[in-house]
Amino acid sequence: MLPTTKRTKAVTPTMNDRDYLDFDLEIGRPIGQAYPLTLLRSPAGEARATVMWPFGELALENRLKDLQIALLSSGGVRRTVLTPAEEAVQRFGAELFELLFSGEVRNRYDVSQERVHHQEKGLRIKLRIQDPRLANLPWEFLYDPRKGEYLALSQQTPVVRYLELPQTIRPLAVTPPLRILGMIAAPDDRQALDVQVEQQRLERAVAPLQDEGLVELHWLEGATWRDLQRTLRREMWHVFHFVGHGMYNTQREEGLIAFCNDQNQAHLLTAGDLGRLLADHRTLRLAVLNA
Numbered sequence: 017m018l019p020t021t022k023r024t025k026a027v028t029p030t031m032n033d034r035d036y037l038d039f040d041l042e043i044g045r046p047i048g049q050a051y052p053l054t055l056l057r058s059p060a061g062e063a064r065a066t067v068m069w070p071f072g073e074l075a076l077e078n079r080l081k082d083l084q085i086a087l088l089s090s091g092g093v094r095r096t097v098l099t100p101a102e103e104a105v106q107r108f109g110a111e112l113f114e115l116l117f118s119g120e121v122r123n124r125y126d127v128s129q130e131r132v133h134h135q136e137k138g139l140r141i142k143l144r145i146q147d148p149r150l151a152n153l154p155w156e157f158l159y160d161p162r163k164g165e166y167l168a169l170s171q172q173t174p175v176v177r178y179l180e181l182p183q184t185i186r187p188l189a190v191t192p193p194l195r196i197l198g199m200i201a202a203p204d205d206r207q208a209l210d211v212q213v214e215q216q217r218l219e220r221a222v223a224p225l226q227d228e229g230l231v232e233l234h235w236l237e238g239a240t241w242r243d244l245q246r247t248l249r250r251e252m253w254h255v256f257h258f259v260g261h262g263m264y265n266t267q268r269e270e271g272l273i274a275f276c277n278d279q280n281q282a283h284l285l286t287a288g289d290l291g292r293l294l295a296d297h298r299t300l301r302l303a304v305l306n307a
């Protein structure tokens with residue numbers, strides 16, 4: 017929990033798009049195990065660097081599993097002493113930070129931080145990721161070990177992924193209530209996850225908005241691909257929230273989501289297939305894949 021403060025007449029202004037300067041960083045496709053970093057724009061200028069892929073396949077798989085377990089077991093309570101799972105997430109975030117902010121890019125980042133601080137602005141970390149293997153990494157958990165901070169948790173350093181799209185973006189605004197479709201898939205042949213914690217956390221988060229009639233949260237009874245198809249075709253939804261297992265196929269360079277089949281065994285669905293289904297649901301504005 018964040019500490020409470022006494023109310024005063026002074027009001028801290030909230031940040032908007034005019035209050036941020038961009039730290040626009042592109043991660044190119046690899047040459048062997050080497051990835052080119054190109055700082056396209058920042059308050060401190062441009063830069064280039066080359067970084068080596070630091071993870072073996074098994075090590076990366078273990079880190080992603082630790083992250084998933086930590087997220088599903090967390091109750092959202094801030095602790096002074098970290099659990100082993102939280103420590104694993106912090107170490108992984110620090111490794112990602114060291115990978116991304118390397119060499120001259122690190123120097124430009126530090127100088128950019130100083131300059132936006134003096135201008136009373138924020139520094140928006142904009143990531144352009146060309147390689148699918150890197151795009152699958154949880155960059156939102158970037159952790160600066162020097163400051164002991166997750167970048168994305170600070171209003172001063174939001175982390176955004178930039179994706180060039182061949183079509184215009186539809187407006188996100190909807191007429192209330194915002195309708196959320198939640199889905200939990202827990203195949204018997206996969207590692208057990210405490211999915212109830214995630215379900216309860218989402219329900220608590222939207223409860224005040226539900227009371228005001230602004231949000232409706234519904235949980236899909238089934239866990240199969242066909243269950244999702246039928247529900248999307250039958251009703252109008254604005255948000256899809258999935259809780260379950262995800263993985264990455266290195267040969268196809270594509271993500272996979274584990275639904276269930278009729279025997280409650282894992283049915284792996286490609287990111288492309290899931291994307292096509294969701295794209296056909298014209299009212300959908302957001303998909304959250306906690307996998």
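Those letters in the sequence shown? Residues 17 to 307, per my numbering, in order. All residues carry an ideal CB built from backbone N, CA and C; glycine is no exception.
In whole angstroms, what is the alpha-carbon distance linking residue i and residue j?
{"i": "Gln-267", "j": "Arg-149", "result": "10 Å"}
{"i": "Glu-214", "j": "Thr-66", "result": "38 Å"}
{"i": "Leu-218", "j": "Leu-194", "result": "14 Å"}
{"i": "Arg-79", "j": "Gly-72", "result": "11 Å"}
{"i": "Ile-47", "j": "Leu-115", "result": "16 Å"}
{"i": "Asp-243", "j": "Gly-164", "result": "43 Å"}
{"i": "Met-252", "j": "Phe-108", "result": "38 Å"}
{"i": "Asp-278", "j": "Glu-77", "result": "27 Å"}
{"i": "Thr-191", "j": "Asp-296", "result": "20 Å"}
{"i": "Ala-282", "j": "Asp-227", "result": "36 Å"}
{"i": "Leu-236", "j": "Val-259", "result": "11 Å"}
Is it buried or exposed, residue i, if we count other Cβ atoms within 10 angstroms and call 16 or more buried?
{"i": "Ile-145", "result": "buried"}
{"i": "Lys-142", "result": "buried"}
{"i": "Gln-84", "result": "buried"}
{"i": "Met-199", "result": "buried"}
{"i": "Thr-24", "result": "Here Thr-24 scores only 37 on pLDDT, less than 50, and its place in the model should not be relied on; the value that follows carries that caveat. So Thr-24 counts as exposed."}
{"i": "Lys-22", "result": "Because Lys-22 carries a pLDDT of 37, less than 50, the predicted location of this residue cannot be relied on, and no value is offered for it."}
{"i": "His-134", "result": "exposed"}
{"i": "Tyr-36", "result": "buried"}
{"i": "Leu-233", "result": "buried"}
{"i": "Gly-271", "result": "buried"}
Measure from the alpha carbon of residue i to the alpha carbon of each residue in the options, then state which is nearest.
{"i": "Arg-124", "options": "Gln-84, Phe-39, Val-213", "result": "Phe-39"}
{"i": "Glu-130", "options": "Thr-54, Ala-60, Arg-45", "result": "Ala-60"}
{"i": "Gln-171", "options": "Lys-81, Leu-139, Gly-271", "result": "Leu-139"}
{"i": "Arg-206", "options": "Glu-232, Gln-216, His-261, Val-175", "result": "His-261"}
{"i": "Ala-274", "options": "Ala-104, Arg-64, Leu-285", "result": "Leu-285"}
{"i": "Gly-161", "options": "Leu-248, Thr-247, Asp-210, Phe-117", "result": "In the sequence as displayed, the identity of residue 161 is Pro instead of Gly. With distances taken between Cα atoms, Pro-161 lies closest to Phe-117."}
{"i": "Pro-187", "options": "Arg-301, Ala-50, Leu-305", "result": "Arg-301"}
Look at the Cβ atom of residue i, then the Cβ atom of residue j, and state whether they are nearer than 8 Å.
{"i": "Tyr-159", "j": "Ala-110", "result": "yes"}
{"i": "Asp-309", "j": "Ala-101", "result": "Any property of residue 309 remains undetermined from this structure, which presents the chain solely from 17 to 307."}
{"i": "Leu-197", "j": "Val-105", "result": "no"}
{"i": "Leu-55", "j": "Val-132", "result": "no"}
Checklist line | In chain order, each alpha helix (DSSP H) run of at least 4 residues that lies wholly inside the segment 116-189 | finding: 120-134, 148-151
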